[in-house]
Amino acid sequence: MVVDNLTFKLSDVSDTLFLTLYSRVFESRSTDPLIDDPQAEAIAEKLTPILAQSDKKMLRKLAQGKLDSRLVVHIALRARKYDAYTRDFLAQHPDGIVVNMGCGLDTRFHRVDNGRFHLYDLDLPEVMAVKRQVLAETDRYHFIGQSVLDVAWVEMLKAEWGERPFLFLAEGLFMYLQPEPVKALILKLRETFTGAELVFEAVNERLTRPLMRRMVEFKMQKELGIGAGAGYYFGIKDGLEPESWHPGIKFLDEWVYFDEPEKKIGWMRSFRHLEMFRKTQWTVHYRLN
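Here it is in structure tokens:
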């Protein structure tokens, strides 16, 4: 398909690529936005004519500006928090290196750029092929088209930057991957980048059990029009669990979506008082030594 010289097949990429982008776009355009993302809005202007012609109802709805407001708020708040993690890291290490694993069509570089740091967007080759058509690399903004589990990129970055401070972000990624490869990747990062920070979104391990996984897939199919392969596989019991994998993994802090004092969360803020629901899906932050 070709629209204004933009060419790719929708079938080549996951639908979630567009869900996260358009969530930020819709929130950025809303009243009292939780996130300001003009770069995402510009990308959506290019993509909307393509999605409007899709044979998938969900993508056509995105082109029409329709998406569950709860998902929009969740994705926007999550992006804002990961921006904050990045800014905090850059306040300590202005020339640091940030790696955005499973980046999709994220525009974090443009939201947090301090004029000095380097950011690497990392995702599957077919995803980065789309991204290269809507965003340009610069001397400090780099694209890597590889699986996050292909550790060749780890060795490449180590060779390029040596002991430079690193921050690794995995926003909405690890839960969709198999547990052992995720654990192996985290241990590889710890071994390779002494003193690095790791921030990733986690789900409670009970959501990865077969029955719960099928329920998650059914819910995503019903509410979002996606389901196959959308279940959760990697989860943790709590934020301290990864410390048991190696003494060099140090838990720093965690962030729970329901704790945010935002009116747009609505009645779901009450979940912050219910431990069973509070940490079904949340973010954890570690030092790797």
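Start counting at 1 in the sequence shown, then tack on 43, and there's your number in the numbering used here.
Where is the CB? At the ideal position from N, CA and C, for every residue including glycine.
query                                                                                                                                                                                        : result
In its own chain, which residues sit with a C-beta less than 8 Å from the C-beta of residue 83, not counting the 5 before and 5 after it?                                                    : 64, 67, 68, 71, 148, 150
Could you check what DSSP says for residue 314 in three-state terms: helix, strand or coil?                                                                                                  : helix
Could you spell out where the alpha helix (DSSP H) holding residue 164 opens and where it closes?                                                                                            : Unbroken run through residue 164 is the beta strand (DSSP E), 161-166; no alpha helix (DSSP H).
Ignore the nearest five residues each way along the sequence and tell me which others in residue 320's own chain have a CB closer than 7 Å to its CB.                                        : 314
Give every residue of the same chain whose Cβ lies closer than 6 Å to the Cβ of residue 177, excluding the five residues on either side of it in the sequence, and list them in chain order. : 86, 89
Report the option in 184, 261, 331, 260 whose CA atom is closest to the CA atom of residue 290.                                                                                              : 331
Going by C-alpha to C-alpha distance, which of 323, 194, 81 sits closest to residue 231?                                                                                                     : 194
Could you tell me how far apart the beta carbons of residue 101 and residue 216 are, in whole angstroms, since I believe they sit closer than 8 Å?                                           : At roughly 20 Å, the Cβ-Cβ gap does not stay under 8 Å, so residue 101 and residue 216 are not in contact.
Measure how close the beta-carbons of residue 326 and residue 244 come, nearest whole angstrom, since I'm counting them as under 8 Å.                                                        : 5 Å
Cβ atoms of residue 133 and residue 160: under 8 Å apart, would you say?                                                                                                                     : yes
Which same chain residues end up closer than 6 Å to residue 164 when comparing Cβ atoms and leaving out the 5 residues on each side of it in sequence?                                       : 143, 146, 186
Would you mind giving the Cβ-Cβ distance between residue 329 and residue 292, rounded to the nearest angstrom? I have them listed as a contact below 8 Å.                                    : 6 Å
Identify whether residue 266 lies in helix, strand or coil by the three-state DSSP scheme.                                                                                                   : helix
Curious, which full-length alpha helix (DSSP H) runs of at least 4 residues does the region 103-184 contain?                                                                                 : 112-135, 151-155, 168-177
Return helix, strand or coil for residue 98, following the three-state DSSP convention.                                                                                                      : coil
Tell me, please, whether the region 291-310 touches the region 111-126 by the rule of three or more beta-carbon pairs shorter than 8 Å.                                                      : yes
Short of 6 Å in beta carbon distance, which residues of its chain neighbour residue 140, apart from the five on each side in sequence? Order them along the chain.                           : 161, 204, 207, 209
So residue 229 is in the alpha helix (DSSP H); what residue range does that whole segment cover?                                                                                             : 222-235
Decide if residue 233 is buried, meaning its Cβ has at least 16 other Cβ atoms within 10 Å, or exposed.                                                                                      : buried
Quick check: what's the CA-CA separation for residue 277 versus residue 92?                                                                                                                  : 35 Å
With DSSP run on the structure shown, which of helix, strand or coil describes residue 261?                                                                                                  : helix
In terms of DSSP beta bridges, what is residue 324 paired with?                                                                                                                              : 246
Counting along the chain, where does the beta strand (DSSP E) carrying residue 298 start and finish?                                                                                         : 292-298
Taking residue 115 as the reference, which of 303, 77, 81, 246 has the closest Cα?                                                                                                           : 77
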